[in-house]
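Asks: Okay, here's the structure, questions in a sec.
In the numbering used here, the protein residues as written are 2 to 703.
See below:
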């Protein structure tokens with residue numbers, strides 16, 4: 002993305018967006034002429050004789066057994082249904098409205114065309130590629146009340162859009178129809194606008210092959226069908242082209258129409274009744290309407306953003322956009338594509354893709370509505386209350402209840418604590434090992450780079466100030482509030498993943514051992530205790546330091562191709578930008594979770610054995626050391642157990658709501674969490690649920 006002066010706002014990338022699309026969904030992104038697309042589709046039709054040109058619809062008629070379409074050349078075509086994919090100024094829609102109003106008054110609004118808004122006009126053009134413009138380049142230029150999208154295309158061409166905001170929104174009949182003279186006036190006003198440092202819009206326009214100025218309608222019509230007639234594409238849902246979802250929306254509706262008709266034909270292969278036809282057409286509207294509304298709203302918001310038509314836009318975008326990185330557009334578009342339907346019953350080509358399509362998920366995602374938000378609200382509020390308790394100094398009033406005593410015991414280490422005689426304070430020491438590891442991992446994920454989870458330095462200060470008893474509930478709360486679960490958000494830089502366990506060992510385990518030692522010198526003992534209390538800061542420092550050292554050691558001299566980057570192939574990619582598609586971080590992350598789980602189980606056993614063998618050496622020293630670094634807190638076990646339980650149950654629900662696991666798997670995951678907590682305590686629970694989540698999400702990448 003570039004600013005109004007043509008200077009980049011985001012970091013440039015040697016890897017084309019097309020590569021990221023292919024890695025994520027299995028297909029590259031290409032721009033071709035509409036004529037090229039039509040030719041490719043026509044060439045693959047088996048029954049070319051059924052394609053009739055110059056048959057613009059002038060009138061429709063419904064019969065008992067089907068429908069008749071009369072065309073402007075005097076022809077008449079008969080069939081079972083009429084599908085109008087004839088654009089925003091749809092003749093089929095007008096005829097559908099006419100018939101509906103005549104036969105079923107009130108079915109359609111009286112004048113829905115008057116509600117169609119236009120707040121942007123656009124010159125779309127194709128030009129011969131200027132010599133200074135890269136053959137793989139795609140640029141979005143943010144102006145004040147205007148924007149440019151310029152895309153390199155095959156045959157040394159460039160496709161471009163000039164989006165220009167209108168002073169006020171126009172509706173229906175007030176929407177202007179633009180002439181070539183209007184286009185020339187707008188071009189004259191924008192001719193000197195920079196597209197890049199070396200290219201102006203005037204340079205691009207002077208090389209044009211074709212161009213046209215049009216208003217950009219944005220609207221989803223309330224009803225798309227009547228009896229045997231249905232509209233799809235722009236005739237039903239017109240979207241701003243800034244998001245690139247107009248054609249995709251038409252294809253989605255066509256796929257759903259085929260699915261609905263085939264479903265009805267399976268029950269009556271001899272033919273469909275009028276009722277069955279209406280049921281099939283209504284199904285398309287039911288499945289597509291809300292999604293179409295969301296996509297139109299998202300495209301409108303994107304247009305408002307790129308043309309900077311909201312308060313303080315230039316100041317905000319200049320500071321925010323650099324944070325998104327070169328894959329920002331793919332990050333927005335790919336989830337939209339992944340949620341799209343497909344034609345059922347036809348084998349899908351097997352292509353490797355990092356992001357699963359919704360129909361490939363183990364279960365159907367739970368979307369929208371109150372049901373999807375209630376668990377998040379309950380988990381967040383419960384963890385927020387536990388954080389408040391952890392930060393407070395008073396015990397829970399109802400501290401003698403069965404629930405409190407049970408969770409207090411589980412927080413001390415569950416059955417393992419009973420066997421080893423471990424108390425809540427001793428358990429907290431081992432619980433922090435997987436908690437710190439999981440915190441450092443979450444803060445390093447690709448998808449968390451723009452949310453507070455990545456602020457590990459800030460969190461380390463908060464953890465240090467608030468004290469060790471608040472670390473686990475604060476981590477659980479922030480994870481529920483901010484953590485992202487998509488396959489592209491999950492990856493961690495493998496070098497960081499390999500540094501987690503060494504960093505926690507140096508930043509937490511080593512200072513803990515030192516703090517528990519019997520140091521006769523009070524001043525030195527106090528100093529060691531203070532160093533231990535800074536373990537969150539130490540863990541972050543060691544993680545960053547070890548990552549830097551490893552990165553320096555792994556750094557190799559990459560041979561750069563002698564050819565200029567504009568001549569590199571479309572599928573050229575740098576290793577660093579496509580690394581996270583390889584899942585190289587899975588092995589070190591599994592090792593981290595497995596190691597921390599093992600430590601949570603092994604430490605109480607080792608301490609018990611050591612104490613039994615040499616009580617004087619280990620038991621008294623440990624007890625004395627704990628009393629120095631951890632003040633008495635009656636709620637430690639309860640807080641740790643409740644926080645871990647809420648976090649794990651919410652994680653199981655979240656994976657189910659996203660469709661990443663089936664209902665049975667989610668229930669088993671929740672029960673396994675409860676069992677782990679009761680047997681080995683909250684630390685083992687955090688490590689176990691994190692391992693399961695990591696494995697589950699990584700397995701979705703094909």
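Cβ coordinates follow ideal geometry from the N, Cα and C atoms, glycine included.
All values derive from a computational prediction rather than experimental measurement.
Are the Cβ atoms of residue 363 and residue 661 separated by less than 8 Å?
Replies: In this structure, residue 661 lies closer than 8 Å to residue 363 by Cβ.
Asks: Taking the beta carbon of residue 670 as the centre, do at least 16 other beta carbons fall within 10 Å, making it buried, or is it exposed?
Replies: With 16 or more Cβ atoms within 10 Å of its Cβ, residue 670 is classed as buried.
Asks: Do residue 197 and residue 145 have their C-beta atoms within less than 8 Å of each other?
Replies: Going by C-beta atoms, residue 197 is not nearer than 8 Å to residue 145.
Asks: Give a yes or no on whether the C-beta atoms belonging to residue 646 and residue 672 are separated by under 8 Å.
Replies: Taking 8 Å as the Cβ cut-off, residue 646 and residue 672 do not qualify as a contacting pair.
Asks: Which one or two residues does DSSP pair with residue 62 in a beta bridge?
Replies: According to DSSP, which records beta bridges pairwise, residue 62 is partnered with 69.
Asks: What are the start and end residues of each continuous alpha helix (DSSP H) run of 4 or more residues lying completely inside the region 91 to 177, in chain order?
Replies: Runs found: 92 to 104.
Asks: Can you check whether the CB of residue 289 is closer than 8 Å to the CB of residue 254?
Replies: In contact: residue 254 and residue 289 (Cβ atoms closer than 8 Å).
Asks: Which residue from 391, 546 and 552 puts its Cα closest to that of residue 473?
Replies: Checking every option, the nearest Cα to that of residue 473 belongs to 391.
Asks: Assuming residue 24 is part of the alpha helix (DSSP H), what are its boundary residues?
Replies: Unbroken alpha helix (DSSP H) run through residue 24: 18 to 26.
Asks: At what residues does the beta strand (DSSP E) containing residue 217 begin and finish?
Replies: 209 to 218 is the span of the beta strand (DSSP E), which, as asked, contains residue 217.
Asks: Note down the Cα distance separating residue 607 from residue 601, rounded to an integer number of angstroms.
Replies: So the alpha carbons of these two residues sit roughly 10 Å apart.
Asks: Grouping DSSP H, G and I as helix and E and B as strand, with all else coil, what is residue 553?
Replies: Reduced to three states, the DSSP call for residue 553 is helix.
Asks: Specify whether the region 313 to 330 and the region 262 to 282 touch according to this definition: at least 3 beta carbon pairs, one from each stretch, less than 8 Å apart.
Replies: Verdict: no, contact absent.
Asks: DSSP state of residue 687, grouped into three classes?
Replies: Looking at residue 687 - three-state DSSP - the assignment turns out to be helix.
Asks: Do the region 222 to 234 and the region 123 to 132 touch if we need at least three Cβ pairs shorter than 8 Å?
Replies: No, they do not touch.
Asks: For the ligand NAD, any of its heavy atoms closer than 7 Å to the Cβ of residue 256?
Replies: This structure lacks the ligand NAD; in fact it carries no ligand of any kind.
Asks: Label residue 354 either buried or exposed according to how many other C-beta atoms from any shown protein chain fall within 10 Å of its C-beta, with 16 as the threshold for buried.
Replies: Flag for residue 354 reads buried.
Asks: My guess is that residue 57 and residue 12 are in contact by the Cβ rule of under 8 Å, so how many angstroms apart are they, rounded?
Replies: Their Cβ separation, rounded to whole angstroms, is 48 Å, which puts residue 57 and residue 12 out of contact at 8 Å.
Asks: Just list the residues that DSSP pairs residue 477 with in beta bridges.
Replies: In the DSSP output, where bridge partners are listed per residue, residue 477 has none listed.
Asks: Taking the beta strand (DSSP E) that residue 350 falls in, what are its first and last residues?
Replies: Where residue 350 is concerned, there is no enclosing beta strand (DSSP E), given that its DSSP letter is neither H nor E.
Asks: Taking the CB atoms as reference points, tell me whether residue 81 and residue 101 lie closer together than 8 Å.
Replies: Not a contact, by the Cβ cut-off of 8 Å.
Asks: For a test of the three-state rule: what should DSSP assign to residue 79, helix, strand or coil?
Replies: In the structure shown, residue 79 sits in a strand (DSSP, three-state: E or B).
Asks: Give the single residue among 251, 246, 282 and 252 whose Cα lies nearest to the Cα of residue 263.
Replies: It is 282 whose Cα lies nearest to the Cα of residue 263.
Asks: Per DSSP, what are the beta-bridge partners of residue 200 in this structure?
Replies: DSSP lists 197 as partners of residue 200.
Asks: Would you tell me roughly how many angstroms separate the C-alpha atoms of residue 565 and residue 243, rounded to the nearest one?
Replies: The predicted model places residue 565 with a pLDDT of 46, which falls under 50 and marks its position as unreliable, so this point remains unresolved.
Asks: Below 6 Å CB to CB, which residues in the same chain sit around residue 526 once its five sequence neighbours on both sides are set aside?
Replies: Answer for residue 526: 520, listed in chain order.
Asks: Thinking C-alpha only, which one of 64, 62 and 43 is nearest residue 54?
Replies: It is 43 whose Cα lies nearest to the Cα of residue 54.
Asks: Given a cut-off of 8 Å on the beta-carbon distance, is the pair residue 1 and residue 493 in contact?
Replies: Here the chain has residues from 2 to 703 only, and residue 1 is not among them.
Asks: Taking C-alpha atoms, which residue in 250, 156 and 15 lies nearest to residue 210?
Replies: For the residues 250, 156 and 15, the minimum Cα distance to residue 210 belongs to 156.
Asks: My understanding is that residue 250 touches residue 308, with C-beta atoms under 8 Å, so please give their C-beta distance in whole angstroms.
Replies: In fact, because the Cβ distance is near 22 Å, the residues do not count as touching under 8 Å.
Asks: Residue range of the beta strand (DSSP E) that residue 506 falls in?
Replies: Per DSSP, residue 506 belongs to no beta strand (DSSP E) and is neither H nor E.
Asks: Locate the alpha helix (DSSP H) running through residue 664, then write down its first and last residues.
Replies: That run of the alpha helix (DSSP H) goes 664 to 681.
Asks: Any idea what DSSP makes of residue 661, helix, strand or coil?
Replies: Residue 661 falls in the coil class under three-state DSSP.
Asks: To the nearest angstrom, how far is it from the Cα of residue 652 to the Cα of residue 690?
Replies: If you take the alpha carbons of residue 652 and residue 690, they lie about 8 Å apart.
Asks: Return the first residue and the last residue of the beta strand (DSSP E) that residue 231 is part of.
Replies: 230 to 232 is the extent of the beta strand (DSSP E) around residue 231.
Asks: Using 10 angstroms around the beta-carbon of residue 47, count the other beta-carbons present and answer buried if the total reaches 16, otherwise exposed.
Replies: The residue in question, residue 47, is exposed, as its Cβ has fewer than 16 Cβ neighbours within 10 Å.
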